[in-house]
Amino acid sequence: MALIECTDCGSQISSSAKACPKCGAPAPKKNEPDPGNIFCPFCRTEVSEDAMICSGCDARRAYTRSGTRLYGKWQSIGFGIILPLILMAFFPPAGIILIPVMLYVVYRLIRGPVWYNYSDL
Ligand SMILES: [Zn+2]
Ligand SMILES: [Zn+2]
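In structure tokens:
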């Protein structure tokens with residue numbers, strides 16, 4: 001956890017504090033998140049690099065999405081790769097149709113999770 005300087009009174013405050021404990025001024029927004037953290041693109045709340053939900057605005061991160069359902073890494077692998085592979089083994093014509101889906105899921109897994117604004121879903 002890093003320390004930042006209050007823009008009002010100059011005292012050192014924790015980067016996770018919402019306001020200065022000395023003077024009550026709102027904590028200045030940082031330009032860079034702490035190592036291992038990222039900013040939520042919607043509300044700029046600092047969350048852990050592997051957080052799948054923003055604690056500030058309820059935005060979600062997911063690897064793939066189907067309608068309003070969001071899929072995490074293992075769900076994406078299960079529904080997007082393993083399930084089509086099983087289908088392909090038992091019913092090759094259906095499996096061939098699913099190859100683009102599998103390629104897309106692999107691409108999304110490599111690219112990493114994407115933020116979704118929960119109110120938009
Ligand atoms: Zn202050
Ligand atoms: Zn947020």
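Oh and the sequence shown: position 66 is 66 in this note's numbering, straight run, nothing missing.
We put the CB at the ideal spot given by N, CA and C, even for glycine.
Option nearest residue i by Cα separation, candidates the options
i	options	result
Ser55	Thr64, Cys40, Ser66, Ile86	Cys40
Ser76	Val106, Ser11, Asn117	Val106
Asn117	Glu49, Glu5, Ile53, Ser16	Ile53
Pro28	Ser16, Gly72, Phe90, Asp58	Ser16
Ala2	Pro26, Gly24, Gly36	Gly36
Lys159	Ser11, Asp8, Gly67, Ile4	Past the boundaries of the shown model lies residue 159; the chain is included only from 1 to 121, so the question cannot be answered.
Leu109	Gly78, Cys57, Asp8, Gly67	Gly78
Cα-Cα separation, residue i to residue j
i	j	result
Leu103	Thr64	12 Å
Val47	Pro92	43 Å
Leu98	Ala51	30 Å
Lys22	Pro33	23 Å
Phe90	Ile82	13 Å
Ile38	Arg111	16 Å
Trp74	Ile86	16 Å
Ser66	Glu49	23 Å
Pro26	Gly10	12 Å
Gly24	Asp8	9 Å
Whole-number beta carbon distance between residue j and residue i, since they are thought to touch under 8 Å
i	j	result
Val114	Arg44	Their Cβ separation, rounded to whole angstroms, is 17 Å, which puts Val114 and Arg44 out of contact at 8 Å.
Pro84	Gly72	Their Cβ separation, rounded to whole angstroms, is 18 Å, which puts Pro84 and Gly72 out of contact at 8 Å.
Ala59	Phe42	5 Å
Classification of residue i by the beta-carbon crowding that lies within 10 angstroms, buried from 16 upward
i	result
Cys6	buried
Gly80	buried
Arg69	exposed
Ile156	A query on residue 156 cannot be resolved here, the shown segment of the chain reaching from 1 to 121 and no further.
Within the stretch 45-119, ranges of the beta strand (DSSP E) (whole runs, at least 3 residues): Within the stretch 45-119, the complete beta strand (DSSP E) runs of at least 3 residues fall at 46-48, 60-62, 64-66, 69-71, 114-116.
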